[in-house]
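According to my numbering, the sequence shown is numbered sequentially starting from 19.
The structure appears below as structure tokens.
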Amino acid sequence: MALHALVSVDTVEFWEDYGQAEAPDVLAALQGTWYTKDGGYRIGELCGRSILWDVSWNMRPPIAVLTLLTPSTVSLQLDNVTHFGTLQLEAQPTIFWDTQHIWLKK
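Laid out in structure tokens, this is it:
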């Protein structure tokens, strides 16, 4: 199965309504390795729309899909729970999660 097939049809339809032109720029800014703000632990690497978790987290499955909801909001499903994050792309890209966790791109 291709990784892009994991993105829901609803997300694709949303971007058709919202304007897909902004999505590639936002996704491009998110690509790379992410760390926790507290402690600087390596979370994993965002490749396309997939997060490849660092082995230290022992995540199953080891890949999760990050869904871009708007140019400033993402979601991530873990253990059947959807988490939402607010993006800050200026200076150092940051994701502020609804769980109070903060991810920094380095």
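Note that beta-carbon positions come from the ideal geometry of N, C-alpha and C, so glycine has one too.
Margin query: Buried or exposed, going by whether 16 or more other CB atoms sit within 10 Å of the CB of leucine 96?
Written below: exposed
Checklist line | leucine 107, DSSP secondary structure in three states | finding: coil
Check: Hey, serine 90 and threonine 104 are a contact pair by Cβ (cut 8 angstroms); roughly how many whole angstroms apart?
Finding: 6 angstroms
Check: With C-beta atoms as the reference, is leucine 84 less than 7 angstroms away from leucine 94?
Finding: yes
Next item on the list: Look up serine 74 in the DSSP assignment and say whether it is helix, strand or coil.
Entry: helix
Item checked: Per DSSP, the bridge partner or partners of alanine 82 -> Ile69
Next item on the list: For alanine 39, count neighbouring C-beta atoms within 10 Å of its own C-beta (all shown protein chains included) and say buried if the count is 16 or more, exposed if not.
Entry: For alanine 39, the pLDDT reaches just 34, beneath the cut-off of 50, and the residue's location in the model is therefore unreliable, although a value from the coordinates is still provided. Alanine 39 comes out exposed.
Note to self: Using only CA atoms, which one of Arg67, Glu108, Ile61, Thr51 lies nearest to tryptophan 75?
What the structure shows: Ile61
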